[in-house]
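For reference, the structure is listed below as structure tokens.
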Amino acid sequence: MADRAPFGLLAEFRTAEDLEAAVHAALDNGHQRLDAFTPFPVEGVNEALGLTENRIGWFSLGGGILGIALMLAIQIGSNFNYPINVGGRPILAWPAFAVVDFELMVLFSVIVPVLAMLILDRLPKLHHPIFNAPRFALASDDRFFLLIKGDDPRFTEAGLFLDTRNPVSIERVE
Amino acid sequence: MSDIPVPSQHEVTREVADVPLRFPARRAWWIAFGIALALLSLFVVSVVHLLMNGPGIWGNNMPVNWGFPIFVYVWWLGLGHAGTLISALLLLLGQEWRNALNRFAEAMTLCAVICAGIYPIIHLGRPWFLYWMFPYPATMGVWPQFRSPLEWDIWAVMTYLIVSAIFWYIGLVPDLATMRDRARSLAKKRIYGLFALGWRGQAIHWLRWKKLYRLMAAIAVPLVVSVHSEVSLLFAAGQIPGWHSTIYPPYFVLGAAFSGFAIVSMIAIVVRRAFHLEALVTNRHLDLLGKVLLASGLMTAYGYVFEAFDALYSGDAHEIGTLMDRVGGVYLWSYWGAIILNFLPLQGLWFARVRNSPLLLFLISASVMIGMWMERYMLLVTSLYQDFLPSSFGRYTPTFWDWSTYIGTLGLFLTPFLLFLRFIPSISMFEEKEIADG
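Protein sequences, first through last, are from chains A and B.
In this text, residue positions in the first sequence follow the working numbering: the first is 42, and each later residue adds one.
In this text, residue positions in the second sequence follow the working numbering: the first is 713, and each later residue adds one.
This is how it looks when you write it as structure tokens:
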């Protein structure tokens, strides 16, 4: 197994700005397979990495519509299945139905995007190669990490490049 | 006020994460937990007694057949609302100071909603038939009545409980990862790690997380408003004088937020003192909480004024009769008690000195909690005990078991909340770090 490509090289930075600058520099240096790990969301890093995500809102919309449709179907179905005449009021009482429809819309428009996020993130996943790096625990404290993945076309030069960015540490992640 | 130094990112981790890992107030916690467990046992005993003997052990009977179970339910649910409002509304408004408060405010919400939700269930008489509230193809061929506010209730509370729990947990996952990485013992690493779901702070994960979190906040705000509006419709949709008013939904929502901000202030004061988190929950936070409490209190006061106006303007003899019963009837203590405790000490919050004093803010908040409890009592009992027919007028006296069940729910609230304080970071670390990063 000695020749197996490593998962990547992980560089540790003190500030979000350092990480952001390093991402830009890595892209200029021709590196393509990059990733970043931070203690909190850093917008600049997402932009530098060119990450976009627009699906969450759509999942929520779909969930909301599903919730309303499901509850309306239950309400209409049950009221026709066992019609109760309450003082001549209509069987299909839309204003009265609206409250529970709204609640189910809310419920599904939250549950569906949460599940979508977990599936898109491939979480829960308790084992990941990045956890092999001893200093990676600081990514949830106050350190910012840049990863150049092992399948990067210019991976052989990654170590030299990272040295020029003056990181706190560089680790090889197996 | 802003000259308080902002703690560095590492200090945030250390101060917050070390509370559960190297718990600073073990003795005080065990004493509090012991009291909570004693209260919880009282609740269990009361409920067992109820299940064996039925709701006849309580004081509610014709004509006041709602009594404690329903007004205490409204009170608990109202307390919960501030957690969601602080967390979601202030997030959307970009009020960064909420980051020091949102975690334990949301935990408070969850505990309060549990206490609220249990009340209508044990009030059912035969709680084991709770599932009749859900639409399922029953052999009897009947369905729940979706045209009734009583059926709306279970959906509103259930949705609120699930959405609050998800919102709280999704906001907690990154901090659980911090706990996993900081814990020393393997057992703690594993338990925190399991609940952290393998969170690793990857850029794309954060991007999705942030979108989802803001989206959930945007959904949670109308949800809160809808839930307490729905609760008010339990009352307002009926014909009872004193209930049948369009002011009810906003009146209930504002009163809920008011009492909720009071409990959040109390918890903030206790937590920061017990865990020495003065650097994170600063006097500025208390100042802002005081202002929010004052504002929501004045809006609640407007509800009181409008409620009286509504009755007088209607010219309806029964409406006016109920108003008179409130201000001068048998239960006038609950009306005047609510007005005095809710609004008199509150006026102190106009002064920065009072807002910045943890003791005074705590006392004013406690007064609001009791005042709002009296308000819910007043709204329910004074409307029911003398409604239309003099032949059906009656009195309402809570029994020992009313009180024991209610006091027991304090244990039902405190037990999970104390466990939260003991094992979960009570302040959102990564959101505080985001502020520290500027």
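Cβ coordinates follow ideal geometry from the N, Cα and C atoms, glycine included.
Looking only at C-alpha atoms, which of the options sits nearest to residue i?
i	options	result
Leu946(B)	Ala137(A), Glu215(A), Arg176(A) and Ile171(A)	Ala137(A)
Cys823(B)	Thr851(B), Ala889(B), His835(B) and Leu752(B)	Leu752(B)
Phe143(A)	Gln116(A), Ile132(A) and Phe81(A)	Gln116(A)
Ala11(A)	Val64(A), Ala110(A), Ser101(A) and Asn95(A)	Any property of residue 11(A) remains undetermined from this structure, which presents chain A solely from 42 to 215.
Ile743(B)	Met764(B), Thr1127(B) and Phe1055(B)	Thr1127(B)
Val956(B)	Trp1085(B), Leu1035(B) and Cys827(B)	The question names Val, but residue 956(B) in the sequence shown is His. His956(B) has its Cα closest to that of Leu1035(B), out of Trp1085(B), Leu1035(B) and Cys827(B).
His917(B)	Val153(A), Asp182(A), Thr205(A) and Pro165(A)	Pro165(A)
Lys922(B)	Asn120(A), Asp76(A) and Asn95(A)	Asn95(A)
Leu1053(B)	Met845(B), Gly853(B) and Ala1078(B)	Ala1078(B)
Ile189(A)	Ile106(A), Arg74(A) and Glu84(A)	Arg74(A)
Glu1087(B)	Glu863(B), Asn777(B), Phe964(B) and Trp1113(B)	Phe964(B)
Glu808(B)	Thr994(B), Leu862(B) and Ile1076(B)	Thr994(B)
Tyr843(B)	Val1066(B), Ile866(B), Ile782(B) and Ser938(B)	Ile866(B)
Trp741(B)	Phe1142(B), Phe1129(B), Glu1146(B) and Met1141(B)	Phe1129(B)
Any beta carbon of chain B sitting closer than 8 angstroms to that of residue i?
i	result
His169(A)	yes
Ser210(A)	no
Pro47(A)	no
Ala62(A)	no
Ile115(A)	yes
Pro124(A)	no
Asp76(A)	yes
Lys166(A)	yes
Leu51(A)	no
For residue i, collect the residues of the same chain with a Cβ closer than 7 angstroms to its Cβ; drop the 5 residues on either side in sequence, then sort them by chain order.
i	result
Ser1158(B)	Nothing can be reported for residue 1158(B), as the shown portion of chain B is limited to 713 through 1150.
Ile1076(B)	Pro1057, Leu1058, Gly1060 and Leu1061
Ile97(A)	Pro154, Ala157 and Met158
Glu58(A)	none
Over the uninterrupted alpha helix (DSSP H) stretch that includes residue i, give me the two end residues.
i	result
Val933(B)	Ala915 to Ala948
Asp1022(B)	Asn995 to Ser1026
Asp59(A)	Ala57 to Asp69
Ser876(B)	Pro861 to Arg894
Gly905(B)	Leu898 to Ala908
Ile743(B)	Arg738 to Asn765
Ile1032(B)	Ala1029 to Gly1040
Lys1145(B)	Met1141 to Ala1148
Ile1052(B)	Leu1044 to Phe1055
Starting from the beta carbon of residue i, find every residue of chain A whose beta carbon is closer than 9 angstroms, and list them in chain order.
i	result
Ile1136(B)	Ordered by position in chain A, no residue passes the 9 angstroms Cβ test against Ile1136(B), which lies about 15 angstroms from the chain.
Ser938(B)	Val140, Phe143, Glu144 and Val147
Trp880(B)	Under the 9 angstroms cutoff, chain A gives no residues; its nearest Cβ is about 12 angstroms from Trp880(B).
If you drop the 5 nearest sequence neighbours on each side, which residues of the same chain put their C-beta closer than 8 angstroms to that of residue i?
i	result
Met928(B)	Ala800, Val875, Ile878, Phe879 and Ile882
Leu935(B)	Thr796, Thr871, Tyr872 and Val875
Ser758(B)	Trp1113, Ser1116, Thr1117 and Gly1120
Val674(B)	Shown here, chain B extends from 713 to 1150; a query on residue 674(B) therefore has no answer.
Asp182(A)	Pro80
Glu990(B)	Arg984
Leu992(B)	Pro719, Val724, Glu727, Val728, Ala812, Arg984, Ile1139 and Glu1144
Who are the neighbours of residue i on chain A, taking C-beta pairs under 7 angstroms?
i	result
Met928(B)	Val151
His722(B)	Asp182 and Asp183
So is residue i in contact with chain A if we call contact Cβ pairs under 8 angstroms?
i	result
Ser897(B)	no
Ile826(B)	no
Leu803(B)	no
His793(B)	no
Gln807(B)	no
Ala868(B)	yes
Leu1131(B)	no
Trp855(B)	yes
Trp1062(B)	no
Chain A partners of residue i, CB-CB under 8 angstroms?
i	result
Trp1205(B)	There is no way to answer for residue 1205(B), as the model of chain B reaches only from 713 to 1150.
Ala877(B)	What Ala877(B) touches in chain A: nothing, since even the nearest Cβ is about 10 angstroms away.
How far does the beta strand (DSSP E) with residue i in it extend, from its first residue to its last?
i	result
Gly105(A)	Note, Gly105(A): premise wrong, no beta strand (DSSP E); alpha helix (DSSP H) at Arg96 to Asn122.
Val983(B)	Per DSSP, Val983(B) belongs to no beta strand (DSSP E); it is in the alpha helix (DSSP H), Tyr960 to Ala986.
Val214(A)	Ser210 to Val214
Ignore the nearest five residues each way along the sequence and tell me which others in residue i's own chain have a CB closer than 6 angstroms to its CB.
i	result
Pro961(B)	Ser941 and Ser944
Ala1007(B)	none
Thr1012(B)	Leu966, Gly967 and Phe970
Trp911(B)	Val885, Pro886 and Ala889
Arg1067(B)	Asp999, Gly1002 and Leu1061
Just the chain B side, please: which residues come within less than 7 angstroms of residue i by C-beta, in chain order?
i	result
Pro194(A)	Result: empty, since nearest Cβ-Cβ is about 20 angstroms, beyond 7 angstroms.
Asp162(A)	His917 and Arg920
Asp69(A)	Those within 7 angstroms of Asp69(A) in chain B number zero; the least Cβ separation is about 18 angstroms.
Ala178(A)	Asp893
Pro175(A)	Correct list: empty, because the minimum Cβ distance to chain B is about 11 angstroms.
Give me the chain B residues within the contact set of residue i, using Cβ-Cβ distance strictly less than 9 angstroms, ordered along the chain.
i	result
Ala57(A)	Asp1149
Ile97(A)	Arg920, Lys923, Leu924 and Leu927
Which chain B residues are close to residue i, counting only those with a beta carbon under 8 angstroms from its beta carbon?
i	result
Glu94(A)	Ile916, Leu919, Arg920 and Lys923
Thr79(A)	Gly913, Ala915 and Trp918
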